[in-house]
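Notes follow once the structure below has been shown.
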C-alpha cells in the first residue's frame with residue numbers, strides 16, 4: 028500500500044479498502060497532504076442527487092445505537108447499496124475507542140466488501156471531531172458509498188456538532204433515558220428527524236412515545252415533523268418502520284427545490300473550512316510560542332487572553 | 028449597572044451579583060473588552076491554595092445531576108462556603124437552555140446571596156463551550172467563591188472537554204444508564220474522580236457499583252482510585268459519602284507537591300489560550316472572506332481545504 032495521501036486517494040477510488048482505511052487515518056490526524064487528498068477526491072463529486080444519504084445515529088450510552096446501526100446496514104445491503112459506518116468515539120487511552128462487544132456485533136459485516144466500518148477517535152480540542160467527520164464523509168462520498176451512517180457513543184455538545192454532517196438524524200432513546208424534558212435538555216428535539224424509543228417492551232415506553240410526539244408536534248412549525256417510533260432493535264420489531272421514515276425524510280429533503288439538502292451541505296462546507304482555519308491557527312500558535320512564554324502562561328505570570336491578543340490577526 | 032466589561036468587573040469584585048451576571052454574558056459571547064476584563068480579574072488571583080474547589084458534575088440526561096448539584100450546594104452552604112454553579116446547556120432555540128423543573132428545584136437557592144447560579148449556552152462551534160467555561164470559572168475564582176460546580180446536561184465529547192476545567196469530577200449514573208462498558212464507551216471512566224450510582228433502589232444498582240469499582244481498580248495504576256458510591260439523591264441517602272469523597276479528592280490533589288492541581292490548572296490556561304487563538308482566526312476569516320468566494324465554497328466550486336490553505340499562517 029502506497030504511503031502518501033494522494034496515492035492512497037487514487038487506490039481508495041478504485042476500491043482498495045486498505046488504502047481507504049489508511050487515508051481516513053491520515054485525514055483524522057491531518058497528516059501532511061491529507062487536506063489536498065480530500066479536496067481532490069471531493070471535487071470529483073457534485074452536491075445534491077447522487078450523493079450518499081448521510082444518516083446520523085445518536086442517543087445516550089446504552090440506548091441501542093449500535094444495534095440499530097447494524098439493522099440499517101442489513102436493510103441497505105438487502106437493497107444492494109454500499110454502506111459505510113463512521114463510529115465517533117471519544118479519544119480514550121483506556122478504551123482505545125474500541126469495545127469488544129460492538130466489534131463482535133459488527134463482525135458479520137466486516138467480511139462483506141460492500142460495507143466499510145471505521146472508528147474515529149478525534150481529539151477533544153478545537154473543531155477536531157466534526158471537522159474529521161465532515162472530511163471523512165466527503166471521502167466516502169467520492170468512493171461511491173450509497174449510505175453513510177455516522178454513529179456517536181454519547182449525547183452532548185460534541186455529538187450535536189457531529190450530527191450536523193448528517194442529512195437525516197435518528198435519535199435512539201429508551202424508556203430509561205428519561206422523559207421528553209430530558210431529551211429537550213440534551214438538545215435532541217431540535218436535531219431529530221426520526222425518533223425511536225427502543226426496548227419498547229419496558230415500562231414507560233408508551234408514555235415516552237406520546238410525550239415525544241407531542242413535543243415534536245409543538246416544535247415542528249409546519250416543517251418536517253419527526254415521526255416517533257417504538258421498537259425493539261434486538262427483537263427486530265419496529266426496525267422497518269424506522270428505515271421507512273429515514274427514507275421518507277430523504278425524499279422530503281431532496282424534494283422540490285431541495286432547500287434543506289443543499290443548505291445543510293453548504294453549511295457543512297463552511298463549518299469545515301472554519302474548523303480547518305481554527306485548527307491551523309492553534310497549531311501555528313503552539314509552534315511559534317517560545318518556552319519562556321509558555322512557562323509564564325502555565326504559571327499564571329501572563330493571562331491567556333493577553334497572550335491571545337498579541338497574535339490576533341489585524 | 029455600568030455597561031462595559033471593565034466597570035462590570037469592578038462591581039462584580041465588590042459583590043454586585045447583577046454586574047457579575049452581565050459580565051458573564053459578555054464573557055460567554057466574547058464581547059469587546061470581555062477578554063481584558065477576565066485577564067485583569069484573573070491576574071488578581073494566584074494559582075494553587077486559595078483557589079476555589081472546581082467540581083464537575085456529569086452523566087447522562089436524567090441521571091439526577093441537578094439533584095446532586097443541589098445537595099452539594101446545601102452541604103457547602105452549611106459549611107459557610109460561597110457557591111457558584113455553572114450549568115452548561117446546549118445552545119438550543121427550542122429549550123432556550125432553561126427548563127422549568129430545574130429552575131424551580133434551584134429556586135430555593137436563588138434568594139441566597141451566597142449562591143450564584145448561571146446557565147451557559149455557548150455555541151457548538153470551535154472551542155466555544157470549554158473556552159467560556161474556563162474563563163467564567165476564573166472570573167468566579169476572582170470574585171471569591173469557595174466552591175464552583177460545573178454541571179453538564181449530557182455526556183459526550185463536548186462535556187468531556189468542559190470537565191477539563193474541573194479539579195474533581197463527579198460522574199452520576201443510574202442502573203438504567205447501562206453497564207460499565209457503556210460508561211467506558213462514553214469516556215467516563217477516565218475522567219471520573221468520584222462515581223455515584225444514583226437511584227440505587229432500582230434493579231441492577233449493586234451490579235453496576237461492583238462493575239465500576241472493578242473497572243476503576245484495573246485502570247487506576249497506583250494513582251487516585253475513584254470511589255464508587257450508591258445513593259439516592261432525592262431521598263438523601265449516600266449524599267454525605269459523595270461529598271466526603273470529593274473533599275478527599277481535593278485533599279489528595281493539593282497534597283505534597285500538588286502535582287495534579289497545578290498541572291490541571293496550567294493545562295487549562297494553555298487550552299483557553301489556544302481556544303481564543305482558534306476562535307479569533309475563525310472570526311477573522313469569516314470577516315475577510317468576500318461574498319463571491321463564500322458562494323463558491325457553499326456551492327462546491329472551491330473545496331474547504333484549498334480555501335483554508337490560502338490563509339494558512341506561513
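Protein chains in written order, with the numbering used here: chain F, 28 to 341; chain A, 28 to 341.
Using N, Cα and C, we set each Cβ at its ideal position, and we do this for glycine too.
* Asked: Quick one: what does DSSP say residue 153 (chain F) is sitting in, helix, strand or coil?
  -> The sequence position of residue 153 (chain F) within the first chain is 126, counting from 1. Summary for residue 153 (chain F): the model assigns pLDDT 49, below 50, so the residue's position carries little reliability; its value from the coordinates is reported in the next sentence. Taken through DSSP and simplified to helix, strand or coil, residue 153 (chain F) comes out as coil.
* **Beta carbon of residue 174 (chain A) nearer than 8 Å to that of residue 159 (chain A)** => Along the second chain, read from residue 1 onward, the residue named residue 174 (chain A) stands at position 147. Along the second chain, read from residue 1 onward, the residue named residue 159 (chain A) stands at position 132. Going by C-beta atoms, residue 174 (chain A) is not nearer than 8 Å to residue 159 (chain A).
* Which parts of the segment 50-89 of chain F are runs of the alpha helix (DSSP H), unbroken and 4 residues or longer, counting only runs that do not cross its ends? -> Correct list: 61-69.
* Asked: Is it buried or exposed for residue 322 (chain F), if we count other Cβ within 10 angstroms and need 16 for buried?
  -> Locating residue 322 (chain F) in the first chain gives position 295, where the first residue counts as 1. Under a 10 Å Cβ-count criterion, residue 322 (chain F) is classified as exposed, with fewer than 16 other Cβ atoms of the shown protein chains found around its own Cβ.
* Asked: Distance, Cα to Cα, residue 214 (chain A) vs residue 247 (chain A)?
  -> Walking along the second chain from the start, residue 214 (chain A) turns up at place 187. Walking along the second chain from the start, residue 247 (chain A) turns up at place 220. Going by the C-alpha atoms only, they are around 14 Å apart.
* residue 195 (chain F) - DSSP class collapsed to helix/strand/coil -> By 1-based counting over the first chain, the position of residue 195 (chain F) is 168. It is a strand residue.
* Asked: Can you name the residues of chain F whose CB is closer than 7 Å to the CB of residue 330 (chain A)?
  -> The residue you call residue 330 (chain A) lines up with position 303 of the second chain. In chain order: 66, 69 and 70.
* Go ahead and pull the three-state DSSP assignment for residue 145 (chain F). => Translated into positions along the first chain, residue 145 (chain F) becomes position 118. Of the three classes helix, strand and coil, the one that applies to residue 145 (chain F) here is strand, per DSSP.
* Quick one, which residues of the segment 34-50 of chain A are near chain F if we go by CB-CB under 7 Å, in chain order? -> Going along the segment 34-50 of chain A in chain order, one finds no residue with a Cβ nearer than 7 Å to chain F.
* To do: Taking the CB atoms as reference points, tell me whether residue 82 (chain F) and residue 273 (chain F) lie closer together than 8 Å.
  => As a working mapping, residue 82 (chain F) is identified with position 55 in the first chain. As a working mapping, residue 273 (chain F) is identified with position 246 in the first chain. Cβ atoms of residue 82 (chain F) and residue 273 (chain F): closer than 8 Å.
* What is the DSSP secondary structure of residue 200 (chain F), reduced to helix, strand or coil? -> Mapped onto the first chain, residue 200 (chain F) falls at position 173. Note: residue 200 (chain F) maps to strand in three-state DSSP.
* For chain F, is any of its Cβ atoms less than 8 Å away from the one on residue 273 (chain A)? -> In the second chain, residue 273 (chain A) corresponds to position 246, counting from 1. Residue 273 (chain A) does not count as touching chain F.
* To do: Look at the Cβ atom of residue 296 (chain A), then the Cβ atom of residue 331 (chain F), and state whether they are nearer than 8 Å.
  => Locating residue 296 (chain A) in the second chain gives position 269, where the first residue counts as 1. Locating residue 331 (chain F) in the first chain gives position 304, where the first residue counts as 1. It is a contact, given that the beta carbons lie within the stated cut-off.
* To do: Below 8 Å on the Cβ atoms is my guess for residue 221 (chain A) versus residue 197 (chain A); work out the distance and round it to an integer in Å.
  => Along the second chain, read from residue 1 onward, the residue named residue 221 (chain A) stands at position 194. Along the second chain, read from residue 1 onward, the residue named residue 197 (chain A) stands at position 170. With 8 Å as the limit, residue 221 (chain A) and residue 197 (chain A) qualify as a contact, their Cβ atoms being about 5 Å apart.
* Using the C-alpha atoms, what's the distance from residue 287 (chain F) back to residue 283 (chain A)? -> Counting from one through the second chain, the residue named residue 283 (chain A) turns up at place 256. Counting from one through the first chain, the residue named residue 287 (chain F) turns up at place 260. Taking the straight line from one Cα to the other gives about 58 Å.
* DSSP on residue 176 (chain A), reduced to helix/strand/coil? -> The count along the second chain starts at 1 and reaches residue 176 (chain A) at position 149. DSSP places residue 176 (chain A) in strand when its eight states are reduced to three.
* Can a CB atom of chain F be found closer than 8 Å to the CB of residue 251 (chain A)? -> The residue labelled residue 251 (chain A) in the question sits at position 224 within the second chain. Nearest CB-CB separation between residue 251 (chain A) and chain F: not below the 8 Å threshold.
* Asked: Buried or exposed: which applies to residue 171 (chain A), given that a residue is buried once 16 or more other Cβ atoms fall within 10 Å of its Cβ?
  -> On the second chain, position 144 is the one that residue 171 (chain A) refers to. In the assembly as shown, residue 171 (chain A) is an exposed residue. Its beta-carbon has fewer than 16 other beta-carbons within 10 Å.
* Roughly how many whole angstroms lie between the Cα atoms of residue 262 (chain F) and residue 89 (chain F)? -> By one-based count along the first chain, residue 262 (chain F) stands at place 235. By one-based count along the first chain, residue 89 (chain F) stands at place 62. One Cα belongs to residue 262 (chain F), the other to residue 89 (chain F), and the distance between them is close to 16 Å.
* Three-state secondary structure (DSSP) of residue 93 (chain F) -> Looking up residue 93 (chain F) in the first chain gives position 66. Secondary structure at residue 93 (chain F): helix, using DSSP grouped into helix, strand and coil.
* **Contact set for residue 50 (chain F): own chain, Cβ-Cβ below 7 Å, skip 5 residues either direction** => Here residue 50 (chain F) refers to the residue found at position 23 of the first chain. Excluding residues within five positions, the ones whose Cβ falls inside 7 Å are 32, 35, 36, 39, 64 and 166.
* Three-state secondary structure assigned by DSSP to residue 41 (chain A) -> Within the second chain, the letter at position 14 stands for residue 41 (chain A). The DSSP-derived three-state label of residue 41 (chain A) is coil.
* Closest residue to residue 254 (chain A) among A:234, A:233, A:113 and A:276 (Cα-Cα distance) -> Taking the second chain and counting its residues from 1, one reaches residue 254 (chain A) at position 227. Out of A:234, A:233, A:113 and A:276, the CA that lies nearest to the CA of residue 254 (chain A) is found in A:276.
* **Beta-bridge pairing of residue 278 (chain F) - partner residues as DSSP gives them** => For the purposes of this step, residue 278 (chain F) is taken as residue 251 along the first chain, with counting starting at 1. Beta-bridge pairing links residue 278 (chain F) to no other residue.
* Mind checking if residue 288 (chain F) is an interface residue toward chain A, Cβ cutoff 8 Å exclusive? -> Reading the first chain from its first residue, position 261 is the one you call residue 288 (chain F). Output row for residue 288 (chain F): interface = no.
* Asked: If we count the other Cβ atoms within 10 Å of its Cβ and call it buried at 16 or more, is residue 41 (chain F) buried or exposed?
  -> In the first chain, counting from the first residue as 1, residue 41 (chain F) sits at position 14. The residue is exposed, with fewer than 16 neighbouring Cβ atoms inside 10 Å.
* Asked: Of the residues that make up the segment 87-114 of chain F, which ones have a beta carbon closer than 9 Å to any beta carbon in chain A?
  -> Correct list: 87, 88, 89 and 90.
* Considering only residues of the same chain and omitting the five flanking positions on each side of residue 224 (chain A), which have a CB-CB separation below 8 Å? -> For the purposes of this step, residue 224 (chain A) is taken as the residue at position 197 of the second chain. Cβ within range, chain order: 200, 201, 202, 232, 235, 236, 239, 255, 256, 257 and 258.
* For residue 169 (chain A), does the three-state DSSP call read helix, strand or coil? -> Within the second chain, the letter at position 142 stands for residue 169 (chain A). Note: residue 169 (chain A) maps to helix in three-state DSSP.
* Backbone secondary structure at residue 272 (chain F) - three-state DSSP -> For the purposes of this step, residue 272 (chain F) is taken as residue 245 along the first chain, with counting starting at 1. Note: residue 272 (chain F) maps to helix in three-state DSSP.
* To do: Using the Cα positions of residue 71 (chain A) and residue 266 (chain F), report the straight-line distance between them to the nearest angstrom.
  => Position 44 of the second chain, counting from 1, holds the residue named residue 71 (chain A). Position 239 of the first chain, counting from 1, holds the residue named residue 266 (chain F). Each residue's Cα considered, the two are about 59 Å apart.
* Chain-ordered residues of the segment 298-311 of chain A with a beta carbon less than 8 Å from chain F -> Cβ contacts with chain F come from 298, 299, 300, 301, 302, 303, 304, 305, 306, 307, 308, 309 and 311.
* Kindly indicate the opening and closing residues of the beta strand (DSSP E) around residue 112 (chain F). => Stepping through the first chain from its first residue, residue 112 (chain F) is reached at position 85. Looking at the DSSP string, the run of the beta strand (DSSP E) that includes residue 112 (chain F) is 110-115.
* To do: Starting from residue 264 (chain A), follow its DSSP beta bridges and name the residues at the other end.
  => Indexing the second chain from 1 puts residue 264 (chain A) at position 237. Bridge partners of residue 264 (chain A): A:259.
* alpha helix (DSSP H) segment containing residue 243 (chain F), residue limits -> Numbered from its first residue, the first chain carries residue 243 (chain F) at position 216. From DSSP, the alpha helix (DSSP H) with residue 243 (chain F) extends over 232-247.
* Spell out whether any CB of chain B is found under 8 Å from the CB atom of residue 204 (chain A). => Reference to chain B is not applicable here, since the protein chains of this structure are F and A.
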